[in-house]
Amino acid sequence: MIIKVQPLPHVARALRGNKRLKILKMTQSGVYCLTDEETYQNLIRQAQENSEAAKADEKLLPNEEQRDGHDS
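Every number in my numbering is 1 more than the matching position in the sequence shown, counting from 1.
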């Protein structure tokens, strides 16, 4: 199967490190890869986990910044 993913630097690095897929083409609109169904499902799961972790980090950052501002 061919998939298209966001053309972000951290995404491209993660894809290059994955031995179970082959990067076919990198453009400004996306990165096109050849992969199997199992690897695709694993990538989706990892993306969801990373997204949830990023949202949790975003919620913590404003509180930490406020604390830092009050402590100064």
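No residue lacks a Cβ here, since even glycine has one placed at the ideal position from N, Cα and C.
Q.
Closest to T28 by C-alpha separation, out of I45, Q49, P10, would be which residue?
A. Counting from one through the sequence shown, the residue named residue 28 turns up at place 27. Relative to the Cα of T28, the nearest Cα in the group I45, Q49, P10 belongs to P10.
Q. Which of the three DSSP states, helix, strand or coil, is assigned to K60?
A. The residue you call residue 60 lines up with position 59 of the sequence shown. DSSP places K60 in helix when its eight states are reduced to three.
Q: Alpha carbon to alpha carbon, how far is I4 from V12? Give it in angstroms, no decimals.
A: To locate residue 12, count along the sequence shown from 1; it is residue 11. To locate residue 4, count along the sequence shown from 1; it is residue 3. Annotation: V12 to I4 spans about 13 Å, alpha carbon to alpha carbon.
Q | Residue span of the alpha helix (DSSP H) that contains Y16, given as start and end | A | Locating residue 16 in the sequence shown gives position 15, counting from the first residue. A small fix is needed here, since residue 16 is Leu in this sequence, not Tyr. For L16, the uninterrupted alpha helix (DSSP H) segment begins and ends at 10-17.
Q) Where does L25 fall in DSSP's three states? A) The count along the sequence shown starts at 1 and reaches residue 25 at position 24. Assignment of L25 by DSSP, reduced to helix, strand and coil, places it in the strand class.
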